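In this text, residue positions in the sequence shown follow this note's numbering: the first is 1165, and each later residue adds one.
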Amino acid sequence: MTTAYIYARISSKKQIDGDGLRRQVEAAEKYAKDNNFDVDDTLYDIASGFHQKHVSGGALGAFLELVKSGKIQPGSVLIVEALDRLSRANVLVAQNQLFSLLLSGVDVVTLEDNFRYSRDNDSLNQFYNSPHKMARGYDESNIKSLRGKAYLAQLHEDVKAGRKARVHHLPSWLEQTQIGTSKEYEFTLRESVSTVQKIFELYEKGYGIAKIAIWLNENGILTLQESRRSNPDPNKIWRRKVVGEILNSVAVRGDLAIGDTVVEGYYPAAVDPVTWWRVNDRYNNKSKKATNGRTGLGYTNLFAGISKCFHCGGPARVIGGGSGHRYITCEKIKETGELCTGKGKYGKTSLRYDILEKAVLDNVATYCHLPEIPTVSSDDLKRQVIEIQTGIADIDRRISNIIAMAEITDHPDDKTDLMTRLKALRSDKSRQTAEIERVTSEIRTLETVRDDFTTIHKTIEDERTKWDTLSGDDLFQSRSLVNSKLREIVSVVSIDAVDQSAYVSVAGATRIWEINAKGEVTRSTDFSDLSEDALVKMASGVGLKADRNAIQRVKQI
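As structure tokens, this is what we get:
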């Protein structure tokens, strides 16, 4: 039986879920069935339509290599919708690709005209027809490419002129309406914007993109594309990739991306920019590194993303034990049956997870340094501002007196003396005003730090009290929220299964607490008196990333 391969070419990644691919595959499968062909795996070339990079690395390039290596046997058939689908390179290159296949003994069937190209076919039609059909594909791509460049160039000009022009690929949660007969448009939010906002809300609560997609599907939320249709298909499902694209879209915060240029405030914001930056930063940082340990249905590992082995720096994972308890240990134990350093103290290879979790959460106020946050100092600074303001008022009074005296003084020496005193007073006033700005800024910093840490501490305590009464999604959501709050203050929870202890580090390694196997804090270390550069270097030396803002925040308290 002849083996057939289906070549389905799609010009954009966004067409993967569309009808174009389905149509091509279904037509090819019907042809194969009608001709009694045995269909092999479908080849998908998901590539940009014009620049022809896929020939060496995509599905067609791979197919040619398989033919040359003998893994695809002579006598096989490649089924394609049309020759212009097979390649959109220039005609000479495309012809060469076709002839390479034919000379290797692989036939090519085009469905649009039901024609079979073959080295055994003596008809001259295949040589007359193929250049014309391939040129059609190349010209089509060339025209589209030129049109696209012209559109982007015009959009740049409109933006420079302060005009809001029509956007070809408008985000699905937006509507654009022409203003009168002008070429300008106004943009408004559609009802589906609530779905975008829900995605950001769920991510802030600790849901990953896969779980968000599941939640949207389970709750019958229409995809954004379907929500635009008059007869939406409720069977279209959300995919994690789409959720990730929304979390990364600058249009959500109201900006328009034109190539590498970002135009701020072009659209109405679906999510306020502060929330967007916070969520997007967390999403991209999380995407760049593997999560440490599975969280499970109830978010079993509360330290996901921040737990590591103290010795090898690899991930720490939560495992089950025969006693029914859960334990946390170096992930390498899963591969070798032993710790990265061999057996630990008393032959133990892990720490009781429940004991460690309770100990870490019980000491959140300590990590936030709440008992030592100088609330009185904030009041003192406010009194200092009042004193400076009183001093400035006195300076203003003295300046007024000198100006009045200068107006009635005739003697040149007296005028010179008064002007010298006036200059000194004004200089003093400038210094005092600058001091007010400095002290006021310090007050804002102190109060912001305290508010941030107090909120984190309160949120964690409030959520913990609910856990005994929660289950399923509610428990997952609550524990994932606590995980996200922990990650705002804790850089890493290092598991030392060898010495039966754990280390909680804040702001890189600026402050560190040691917790033993019983859940007792046995030691704390504070390096916050070191310079910021020294703290960054120290953290880097032990494999930790130290955020300078986090270091400054900790140093403030």
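We put the CB at the ideal spot given by N, CA and C, even for glycine.
What you are looking at is a predicted structure, and each value in this text was computed from that prediction instead of being measured.
message: Let me make sure I understand the geometry here. Which of Asp1660, Gly1408, Ile1470 and Ser1336 has the alpha-carbon closest to that of Trp1440?
response: Along the sequence shown, one-based indexing puts residue 1440 at 276. Ranking the options by Cα distance to Trp1440, first place goes to Gly1408.
- prompt: Where does the unbroken beta strand (DSSP E) through Ala1415 begin, and where does it stop?
  reply: Counted from its first residue, the sequence shown places residue 1415 at position 251. Per DSSP, Ala1415 belongs to no beta strand (DSSP E) and is neither H nor E.
- request: Spatial neighbours of Ala1192 within its chain, please: CB distance less than 6 Å, with the 5 preceding and 5 following residues excluded, ordered by chain position.
  value: If you number the sequence shown from 1, residue 1192 lands on position 28. Cβ neighbours of Ala1192 within its own chain (closer than 6 Å, five residues either side excluded): Ile1170 and Ile1243.
- request: Please confirm whether Glu1625 and Val1528 have their CB atoms less than 9 Å apart.
  value: Taking the sequence shown and counting its residues from 1, one reaches residue 1625 at position 461. Taking the sequence shown and counting its residues from 1, one reaches residue 1528 at position 364. Yes, Cβ-Cβ distance for Glu1625 and Val1528 is below 9 Å.
message: Taking the alpha carbon of Ile1559 as the reference point, which residue from Met1583, Lys1579, Asp1577 and Ser1591 has its own alpha carbon closest?
response: Residue mapping note: residue 1559 aligns to position 395 of the sequence shown, counting from 1. Nearest option by C-alpha distance: Ser1591.
Val1646 and Glu1627 closer than 9 Å at C-beta: Within the sequence shown, the letter at position 482 stands for residue 1646. Within the sequence shown, the letter at position 463 stands for residue 1627. Yes; because the gap between Cβ atoms is below 9 Å, this pair is in contact.
Start and end residues, beta strand (DSSP E) containing Gln1361: Taking the sequence shown and counting its residues from 1, the one referred to as residue 1361 is at position 197. For Gln1361, no beta strand (DSSP E) run applies; the uninterrupted alpha helix (DSSP H) run containing it begins and ends at Val1357 to Glu1368, by DSSP.
task: From the DSSP output, in three-state form, read off Phe1263 for me.
output: Numbered from 1 along the sequence shown, position 99 holds the residue referred to as residue 1263. Helix, per DSSP.
query: Under 9 Å, do Ile1376 and Arg1404 count as touching if we go by C-beta distance?
result: The residue labelled residue 1376 in the question sits at position 212 within the sequence shown. The residue labelled residue 1404 in the question sits at position 240 within the sequence shown. A contact, by the Cβ cut-off of 9 Å.
- prompt: Excluding sequence positions up to five away, which residues of its chain have a Cβ less than 6 Å from the Cβ of Leu1334?
  reply: Translated into the one-based positions of the sequence shown, residue 1334 becomes position 170. Answer for Leu1334: Gln1340, listed in chain order.
message: If you measure between the beta carbons of Trp1631 and Ser1644, is that distance less than 9 Å?
response: What you label residue 1631 is simply residue 467 of the sequence shown in a count that begins at 1. What you label residue 1644 is simply residue 480 of the sequence shown in a count that begins at 1. Between Trp1631 and Ser1644, the gap from beta carbon to beta carbon reaches 9 Å or more.
query: Since Val1189 and Val1241 are thought to touch, with beta carbons under 8 Å apart, how far apart are those beta carbons, to the nearest angstrom?
result: Locating residue 1189 in the sequence shown gives position 25, where the first residue counts as 1. Locating residue 1241 in the sequence shown gives position 77, where the first residue counts as 1. 15 Å between Cβ atoms; not a contact.
query: Measuring CA to CA, which of Ile1566, Thr1530 and Thr1584 is closest to Thr1618?
result: As a working mapping, residue 1618 is identified with position 454 in the sequence shown. If we check each option's Cα against that of Thr1618, Thr1530 comes out closest.
- prompt: What's the gap between the Cα of Leu1534 and the Cα of Ile1600?
  reply: Taking the sequence shown and counting its residues from 1, one reaches residue 1534 at position 370. Taking the sequence shown and counting its residues from 1, one reaches residue 1600 at position 436. Per-residue confidence for Leu1534 stands at a pLDDT of 39, beneath the threshold of 50, marking its modelled position as unreliable; the derived number appears in the next sentence. Approximately 27 Å between the Cα atoms of the pair.
field: Cβ-based burial, Val1438 [other Cβ within 10 Å; buried from 16]
entry: As a first step, residue 1438 must be located in the sequence shown, where it is residue number 274. When all chains shown are included, Val1438 counts as exposed.
query: Span of the beta strand (DSSP E) holding Ala1666?
result: Here the question's residue 1666 lines up with position 502 in the sequence shown. For Ala1666, the enclosing beta strand (DSSP E) starts and ends at Ser1665 to Val1670.
task: Would you check if there are 3 or more beta carbon pairs closer than 8 Å linking the region 1469 to 1478 to the region 1655 to 1671?
output: The count of Cβ pairs closer than 8 Å, one atom from the region 1469 to 1478 and one from the region 1655 to 1671, reaches three, so the stretches are in contact.
query: Run through DSSP, which three-state label would Tyr1430 get?
result: Numbered from its first residue, the sequence shown carries residue 1430 at position 266. In the structure shown, Tyr1430 falls within a coil segment according to DSSP collapsed to helix, strand and coil.
query: Under a three-way DSSP split, which group does Phe1351 fall into?
result: The residue labelled residue 1351 in the question sits at position 187 within the sequence shown. Residue state, collapsed to three classes: strand.
query: Does DSSP classify Glu1684 as helix, strand or coil?
result: For the purposes of this step, residue 1684 is taken as residue 520 along the sequence shown, with counting starting at 1. Three-state DSSP puts Glu1684 in coil, outside helix and strand.
- request: State whether the region 1668 to 1680 contacts the region 1550 to 1565, with contact taken as three or more CB pairs (one from each stretch) at a distance under 8 Å.
  value: Flag = no, the region 1668 to 1680 and the region 1550 to 1565 do not touch.
query: Between Glu1569 and Asp1578, what straight-line distance do the alpha-carbon atoms span, to the nearest angstrom?
result: Within the sequence shown, numbered from 1, the residue matching residue 1569 stands at position 405. Within the sequence shown, numbered from 1, the residue matching residue 1578 stands at position 414. Correcting the residue type first, residue 1569 is Met in the shown sequence and not Glu. Rounded to the nearest whole angstrom, the CA to CA distance from Met1569 to Asp1578 is 9 Å.
task: Check each candidate in Tyr1517, Lys1328, Cys1494 and Lys1369 and name the one with the smallest Cα separation from Asp1419.
output: Taking the first residue of the sequence shown as position 1, residue 1419 is located at position 255. Nearest to Asp1419 by C-alpha distance, out of Tyr1517, Lys1328, Cys1494 and Lys1369, is Lys1328.
field: Whole-angstrom C-beta distance between Tyr1431 and Phe1351, which should lie under 8 Å
entry: Position 187 of the sequence shown, counting from 1, holds the residue named residue 1351. Position 267 of the sequence shown, counting from 1, holds the residue named residue 1431. Indeed, because the Cβ distance is near 5 Å, the residues count as touching under 8 Å.
message: Alpha carbons only, please: which of Asp1284, Leu1353, Pro1396 and Arg1392 is nearest the one belonging to Arg1417?
response: Working through the sequence shown from its first residue, we reach residue 1417 at position 253. Looking at the Cα atoms, Leu1353 is the closest of the given residues.
task: Determine the DSSP secondary structure at Ile1343, reduced to helix, strand or coil.
output: The residue given as residue 1343 occupies position 179 in the sequence shown. Ile1343: coil per DSSP, three-state reduction.
message: Looking at the strands, I want to know which residues DSSP matches up with Tyr1169.
response: Position 5 of the sequence shown, counted from the first residue, corresponds to residue 1169. In the DSSP output, where bridge partners are listed per residue, Tyr1169 has Leu1242.
query: Excluding sequence positions up to five away, which residues of its chain have a Cβ less than 6 Å from the Cβ of Glu1495?
result: Counting from 1 along the sequence shown, the entry for residue 1495 is found at position 331. For Glu1495, where only same-chain residues beyond five positions count, the Cβ hits under 6 Å are Gly1478, Pro1479 and Arg1481.
field: Environment of Ile1572 [buried if 16+ CB atoms lie within 10 Å]
entry: Here residue 1572 corresponds to residue number 408 of the sequence shown, with the count starting at 1. By the neighbour-count rule (16 or more Cβ atoms within 10 Å), Ile1572 is not buried but exposed.
- request: Would you mind listing the alpha helix (DSSP H) stretches within the region 1511 to 1587 that are 4+ residues and don't spill past its ends, in chain order?
  value: Fully enclosed alpha helix (DSSP H) runs of no fewer than 4 residues occupy 1517 to 1526, 1528 to 1532 and 1539 to 1572 of the region 1511 to 1587, in order along the chain.
- request: With Gly1636 as the anchor, note down where its alpha helix (DSSP H) starts and where it stops.
  value: Here residue 1636 is taken as the residue at index 472 of the sequence shown, counted from 1. Element bounds for Gly1636: Gly1636 to Ile1653.
field: Rounded Cβ spacing between Ala1703 and Gly1672 (contact assumed at less than 8 Å)
entry: Residue numbering aside, residue 1703 sits at position 539 when the sequence shown is read from its first letter. Residue numbering aside, residue 1672 sits at position 508 when the sequence shown is read from its first letter. That belief holds up - the Cβ atoms of Ala1703 and Gly1672 are roughly 3 Å apart, short of 8 Å.
field: Given Arg1687 as reference, the closest of Leu1694, Asp1638, Ile1563 and Ala1666 once Cα atoms are compared
entry: Position 523 of the sequence shown, counted from the first residue, corresponds to residue 1687. Proximity to Arg1687 across Leu1694, Asp1638, Ile1563 and Ala1666 peaks at Ala1666, based on C-alpha coordinates.
- prompt: Under 9 Å, do Val1231 and Val1203 count as touching if we go by C-beta distance?
  reply: Position 67 of the sequence shown holds residue 1231. Position 39 of the sequence shown holds residue 1203. Contact flag unset, no.
query: Based on Cα-Cα distance, which residue from Thr1387, Arg1651 and Arg1547 lies nearest to Ser1356?
result: Position 192 of the sequence shown, counted from the first residue, corresponds to residue 1356. Distance check between Ser1356 and each of Thr1387, Arg1651 and Arg1547 places Thr1387 closest, using alpha-carbon atoms only.
field: DSSP beta-bridge partners of Tyr1491
entry: Taking the first residue of the sequence shown as 1, we reach residue 1491 at position 327. Paired residues: Ile1483 and Arg1516.
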